[in-house]
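Its first residue numbered 72, the sequence shown is counted upward by one per residue in the numbering used here.
For each residue, glycine too, the CB sits at the ideal point set by N, CA and C.
Values in this document were obtained by computation on a predicted structure and should not be read as measured data.
Worksheet: the structure to be examined is printed underneath.
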Amino acid sequence: MLILFCRVLPSMAGLLLFFLFDQLSANECLKLSVLLAAFLLGFGGVLHAWRLPASSISVLMRIVVPLFYLDAAVKGFLRGYFGMRPNPSAVLQSMFATDQAETAEFFAHNGVALAQAAAWFVLVTAAVLLADRYLQGRLAARASAVPGRAQKGVAVFLALFLVLLHVNTTMRRENPVLFWPLRYHQYVQQLDAMQAMQQALTAAMAAPREWNVRYAGEDARTVILVIGESTNRASMSLYGYARATTPRLDAMRANLLVFNDVISPASSTVESMMSMLTPADLASPDAWMAKPNLLMLAEAAGYKTFWVSNQTRNDGWIGMLAGEADESDFINYGTGRGENNFDANLFQPFGQALADAAPKKLIVVHLLGAHPSYDMRYPSRFSYFDNKDDVVSAQMASQGRSTWIRNQRDEYDNAIRYGDYVLGSLIGMAEQAKSGRAASLLFVSDHGQEVGYSRNHAGHSASDKSGYEIPMLLWSNQHLPPSPAARAALESRPYQTDKLDATVLGLLKIETRYYAAQDDILSSAFTPVQRYMNGVHYQRGAALAR
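Written out as structure tokens, the structure is:
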């Protein structure tokens, strides 16, 4: 057994390397080390004590060790990409609520980081297995000819210890053999719960009297909610960015309220939208299961609801929510987000919704925005910033950003410029719609992106402020605050969009027990509250704790 203990030590050293190079947390490294040692000593001890061929232990090492290291490498990559371990719902949704084409696009966009993670996995695994082979040769001559009762007793004890470890829920969930199947099962359970609760709430629509819904607006009103995708305000000239990425919105500035201190509740789409469009918020994330969402309340108030989307229709929560609309139109008929289906293709169904004769309308427009891969979000004529030599590129170079990240910023800024064209056109279409109707358009992104603002990374991030700091703006054909001071005070209000449903209900002129005026950024009763990013208090201008 002593020989087996010696052979296990290099395997532990391999996990320690993953920890030292920030691929695993200390907690993960400790749990995986205990599990790996239990596997090798438990199974290996039985093989050794009952004199099975020595090659059997080597086969065990070659299967179990790479499996543990692959698990560590995947967790390390996901930690770097999302800023969190792959347990939270944001990561589960991003991993499992996807399709073939989107997966291929993800691999293409993150090829360099994936190659680094793969190389790290191969190098560490190869080094440990070579070390084990060397130890096997050196220690073979010292092997005991006939294992005694003591050795067999130790082997049985270690095998039993391995079994007992899995009685503990936390340790069982860390087992790489069970980790991903259990996480997928958790995701499926989430979807089942969503569907069950959605059906229950839909059934309640037959008698929504307890919602105390009352419409308190004009005879004819149109509210348009445009949801951007992966748009960071830091790359918008409307917010002071050095590149002219939003010329149309810049020209409309006098007719817009541009909120300059807004953050998202999460750094991923589903998690953000579950709180943006329902009574759920960071303090009560499951409130959507028991309370009606925006579409339900709007319909109860007599609105006709529309959902127009360039995202793919799927069986996830967003697809179920869109199904609540009176009319839904998903124009992205491809197999994923990598179809080069540009957001301008939404103009036709959006125009049809605007032209609908219903007196009261809520139109939700869900864009693809600047979702990576960025170069797939705009036609070639919008390649304004490719290889641009300007103050932005100079600043990024001085910050040590890699050539690849600088190229990603150029493509991202192109996508923002195209998004400006799309949003400006949507506002123009709303302006030209039927007169004699109160109309407003609220634009907000689901979350942001880190594209070289803080580090050499391009994509979603839960560990950088850029993953949360988003634009939000309002156009209305009714009067905006007349004085510059009043507008400035309104635009500077600190806000987190887990309370967005209150603001939209205010625009809809809906009075209900689920409307909280203190959470409506446009209300005179608005009251700022503490905001959070990834569980950390957010302070504008201060670094986000990692």
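Please report the distance separating the alpha-carbon of Q567 from that of P336.
6 angstroms
At the level of alpha carbons, what is the spacing between A143 and T196?
11 angstroms
Do you know how far the Cα of S511 is from the Cα of L497?
11 angstroms
Report the three-state DSSP secondary structure of S104 (helix, strand or coil).
helix
Taking 8 angstroms as the cut-off, does the stretch 304-318 touch the stretch 479-499 (at least 3 CB pairs, one atom from each stretch)?
yes
Sort out for me which residues DSSP pairs F401 with in a bridge.
S380
Return the first residue and the last residue of the beta strand (DSSP E) that G299 is part of.
292-299
Does the count of Cβ pairs from the stretch 591-610 and the stretch 375-394 closer than 8 angstroms reach three?
no
Count Cβ pairs between the stretch 599-614 and the stretch 523-542 that sit closer than 8 angstroms; are there 3 or more?
yes
Is the distance from the Cβ of P443 to the Cβ of A529 below 8 angstroms?
yes
Whole runs of the beta strand (DSSP E) within the stretch 422-487, excluding any shorter than 3 residues:
431-437
Just the Cα atoms here: how many angstroms apart are A358 and M345?
10 angstroms
Quick one: complete beta strand (DSSP E) runs, 3+ long, within the stretch 529-567?
540-547
Whole-angstrom distance between K146 and V183, CA atom to CA atom:
16 angstroms
Residue range of the beta strand (DSSP E) that includes D509:
Just to set this straight, residue 509 is Ala in the shown sequence, not Asp. Residues 509-516.
Report yes if the CB atom of S301 is closer than 8 angstroms to the CB atom of G519, and no otherwise.
yes
May I ask you to report which of helix, strand or coil DSSP gives D414?
helix
Taking the beta carbon of E245 as the centre, do at least 16 other beta carbons fall within 10 Å, making it buried, or is it exposed?
buried
Which residue from P137, D93, S454 puts its Cα closest to that of Q479?
S454
According to DSSP, is N98 part of a helix, a strand, or is it coil?
helix
Pull up the CB-CB distance for V341 and I389, whole angstroms please, since I reckon it's below 8 angstroms.
6 angstroms
Quick one: measure Cβ to Cβ for L112 and S82, integer angstroms, because I've assumed they're closer than 8 angstroms.
With a Cβ gap of about 10 angstroms, L112 and S82 do not count as contacting.
Based on the DSSP output, what are the partners of R304 in its beta bridges?
DSSP lists no partner for R304.
In terms of residue numbering, what span does the alpha helix (DSSP H) encompassing V284 cover?
V284 -> no alpha helix (DSSP H), and no H or E assigned at all.
Distance CB(K570)-CB(Y286) smaller than 8 angstroms:
no
Whether L253 touches L576 by CB criterion (8 angstroms)
no
Enumerate in chain order the residues of its own chain whose CB-to-CB distance from R564 is below 8 angstroms, with the five nearest sequence positions on each side excluded.
F330, D332, I592, F597, P599
Throw me the rounded Cβ distance for the L365 and L348 pair, which I believe falls under 8 angstroms.
5 angstroms
Quick one: using the 10 Å Cβ neighbour count with 16 as the cut-off for buried, is Y539 buried or exposed?
buried
Helix, strand or coil for K146, going by three-state DSSP, please let me know.
helix
In the DSSP assignment, what residue or residues form a beta bridge with M604?
V607
Grouping DSSP H, G and I as helix and E and B as strand, with all else coil, what is I498?
helix
DSSP state of N239, grouped into three classes?
coil
Look at the alpha carbon of L425 and the alpha carbon of A322, and state the distance between them as a whole number of angstroms.
23 angstroms
Anticipated Cβ contact below 8 angstroms, V297 with F514, distance rounded:
4 angstroms
Would you verify that the beta carbon of S346 is, or is not, closer than 8 angstroms to some beta carbon of chain B?
Going by chain labels, chain B is absent from the structure shown, which holds only one protein chain.
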